[in-house]
Amino acid sequence: MNVKMKSLLVAVGLLFVSVAQAQTIQAGLAQLDGDQPSKAKATFEGLANSAPNAENLFYLGYYQLRTGDYNAAKATFEKGLAADPKNPLNSVGLGTIQVANKNVAAAKVTFDKILADTKSKNADVLAKIAEAYVMFYDNTKEEGFNKGNNDPGEAIRLLDLIPEKAKKALTADNLIVKGDAFLIKNDGGPAVSAYEQALLLDPKSAKAKVKIGIVYLRGKNYKEAQARYKESIETDSNYAPGYKRYGEYFIIGSQYKNASKYFRKYLEKADATPQVLLETAKLLFLSKDYEGAMKFTQQAEAGGIKDNDIFRMKGWSNIELGNAQLGIENLEQMIKAGVKPYPTDNLYFGKGYQSLGKDSIALTYYEQAAPFDTLNNLNINIHDIKYKEKKFKEAAAATAKAIKWKEAKKERVLSNDYFTLGRDYYFTGAYLPKEDTLGRYEAGMKADTALAGAIGVNDKFAPFYLWRARANSLADYNNTKWSAVPYYQQYLTVVDFAKVDKNTLFEAYKYLGGHQLTVVKDSAKAQEYFNKALEIKPDDPTIKEYLEATTTPATASPAKPKK
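Structure follows, in structure tokens:
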């Protein structure tokens, strides 16, 4: 074989090795993007061990960076730089560690030197520096603009230099990084445009579709967000982040069962590392899948992971699952560990103690949490305890606050909210001494106003009229105005006689009969009502007195109705 042929074969062999290596690197990057870090680790370590050149070592360090092992990444990048000082990628990696440590100013000095040395003509260098400026931004942790770990404007500038200086077109991966930079800047339109350009180059990019979904979800365009997440799963059923993001979409819509379903699917596709197990547990916790949250939290702990949120997740989950004492102990352990409690922790202390029957302790926690409450309307919990203790005035105050809470959040105030308030006011007056006629009148009128609100929302529900009648009867305790009459009459027109408690019918018939006898002076109508009442309670002494009055001489004074 001549020398020329040998050289050609060597060149072809090197080309195949290079292509195979590039394909393996792409596979590792796909595994990393797909939340399969253990597979990515095996891929990149295999490359670095079999061929410890500068590029393979850079990508091993890049994997270590992405998984948060900055010390290992630094050692790997230094090894790669020693292997080939002329390859600038590992120097970029060392600069990226500075960004990770929120020292963007120092990183810029490092990057500017690399850019000067390469005359900004190396497309890989430009792309990796641009990525470094967006890699560590995480909007879920409120690490916003100017927090020291990103510079999206510089990322965009560098990517725009690739076609200008390096004379190369942007790749799909470059365009996704550009979209990320715009997203950090809250420029949703340009972000979507960049991601869509990436899709034109790589129509099977589930990653790009998920990114577009994120933009739409942030902009509250839920229909488009859902469509993109669904497309990402249909495009690549093994792309784990698609399931996670779809689950987050369902949480926002309070579709917790669907959210749990997709989070569990996410775990099937992602590596079940302790960190992923914990993250999945947190997502299941948010979707109210408390059993799943407990299961995967325990597995994450068994894998050696430690996280302050574990105390809270176990505490809340145990309380929701009926293990109140254990949940309270979890929350107490959290406080002993020095974790600052949230106002919502007081809510769960309250729920835990209330389920144990320790209402007075529960009330203390509810009252501490209520001023900060934006999700649960804890005034309802406070009301229930006060009502149970027969502290009706305080119960009414709590219900009034619950209604104001809803109004402030522009939530619909239900007929039952007004009914609860009306009933609270009624019992506030009913438990006052009989001689406190002014207090009874005021409580009765407040009850009447609240019950009018209930009827305004739902005028078909008979008990609202019954209780409004009672409220007016309370306010008019001596029956000088008989103001309950129209409400007892309305009650009888809407009530279901087949299902009603007969005692309430007796109450209405007796009152209306008394009104006919003493005010209207219609003895026949009065007797009609009284006869209906006696069919329910034949031995009622007051009605017998009424009936006797209808048969005595006109000079006789009818007996007043008894309460």
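Numbering (mature numbering (1 follows the signal peptide of the UniProt record, and there is no 0)), first residue to last: -22 to -1, 1 to 541.
Backbone N, C-alpha and C define an ideal beta-carbon position, used for all residues, glycine too.
Computed from a predicted model, the values in this text were never measured in an experiment.
For residue i, the three-state DSSP class (helix, strand or coil)
i	result
residue 603	Since the displayed the chain opens at -22 and closes at 541, residue 603 lies outside it and no answer follows.
THR251	coil
GLU485	helix
PRO15	helix
LEU525	helix
ALA534	Below a pLDDT of 50, predicted positions are generally treated as unreliable, and ALA534, at 39, falls in that range; no measurement from the model is reported.
ALA(-12)	With a pLDDT of 46 at ALA(-12), under the threshold of 50, the predicted position of this residue should be treated as unreliable, though the coordinate-derived value follows. In this structure, ALA(-12) counts as helix in the three-state DSSP scheme.
ASP138	helix
VAL391	coil
PHE88	It is worth fixing the name first, because residue 88 is Thr in this sequence and not Phe. DSSP places THR88 in helix when its eight states are reduced to three.
TYR41	helix
GLN467	helix
LYS336	coil
GLY122	Unreliable placement is indicated for GLY122, whose pLDDT of 41 sits below 50; the coordinate value is still reported in the next sentence. DSSP places GLY122 in coil when its eight states are reduced to three.
ASP62	coil
VAL103	helix
Distance, residue j Cα to residue i Cα
i	j	result
TYR224	ASP165	22 Å
PHE405	ILE363	15 Å
MET272	LYS368	38 Å
ILE521	PHE508	6 Å
GLU142	ALA105	13 Å
THR377	VAL472	27 Å
PHE397	GLU174	54 Å
SER238	PHE89	43 Å
TYR403	ARG390	22 Å
GLU385	LEU399	15 Å
ILE3	LYS260	31 Å
ALA78	SER98	23 Å
THR533	LYS382	At THR533 the pLDDT is 39, less than 50, meaning the model places this residue with poor confidence; the figure from the coordinates comes in the next sentence. Rounded to the nearest angstrom, the two C-alpha atoms are 55 Å apart.
LEU245	ASP13	9 Å
TYR455	GLU269	54 Å
ASN436	PHE228	32 Å
ALA348	LEU356	6 Å
VAL497	PRO464	14 Å
GLY71	ALA8	19 Å
TRP460	ASN359	36 Å
LEU325	ASP414	38 Å
LYS412	GLU420	13 Å
ASN199	VAL193	9 Å
ILE313	ASP267	24 Å
LYS182	LYS189	13 Å
ALA94	ASN81	20 Å
PHE484	THR427	25 Å
GLY58	LEU43	14 Å
SER215	PRO15	18 Å
LEU161	ASP351	31 Å
ASP285	TYR320	16 Å
ALA108	THR96	15 Å
Beta-carbon proximity check, residue i vs residue j, cutoff 8 Å
i	j	result
ALA218	ALA248	yes
GLU298	ILE288	no
ALA449	ALA425	yes
ALA32	ALA61	yes
ALA408	LEU353	no
ASN308	LYS318	no
ILE134	ALA159	yes
residue 550	SER295	This structure cannot speak to residue 550, because the chain is shown only from -22 to 541.
LEU67	ASP102	yes
LEU153	ALA184	no
THR149	LEU179	yes
ALA110	THR74	yes
LEU256	ILE283	yes
ALA144	ASN100	yes
THR482	LEU444	yes
HIS361	ALA380	yes
SER338	ALA302	no
Nearest neighbour of residue i, chosen from the options [CA to CA]
i	options	result
LYS438	LEU495, TYR469 and ALA486	TYR469
ALA315	ALA5, LEU35, THR322 and ARG290	ARG290
ASN127	MET113, LEU137, LEU139 and ILE140	MET113
TYR207	LYS198, ALA373, GLY197 and GLY220	GLY220
GLY300	TYR331, THR54 and GLY422	TYR331
PRO63	LYS80, GLY281 and PHE36	PHE36
ALA85	LEU43, ASP129, LEU256 and ILE230	ASP129
PHE281	ALA5, GLU132, LYS91 and THR251	At residue 281 the sequence reads Gly, which differs from the Phe that was named. Of the listed residues, the one whose Cα sits closest to GLY281 is THR251.
ALA462	TYR487, GLU56 and ALA203	TYR487
GLU523	ASP479, LEU495 and GLU132	LEU495
ALA92	SER69, THR458, ALA108 and SER210	Here residue 92 is Ile; the residue named in the question, Ala, does not match the sequence. Among SER69, THR458, ALA108 and SER210, the Cα nearest to that of ILE92 belongs to SER69.
Residue i CB to nearest heavy atom of the ligand GTP below 7 Å
i	result
LEU104	Ligands are entirely absent from the displayed structure, and the ligand GTP is therefore not among its contents.
| said: As an exercise, report each continuous alpha helix (DSSP H) stretch of at least 4 residues that is fully enclosed by the segment 143 to 203, in chain order. | reply: Segments of the alpha helix (DSSP H) lying fully in the segment 143 to 203: 150 to 162, 166 to 179 and 184 to 196.
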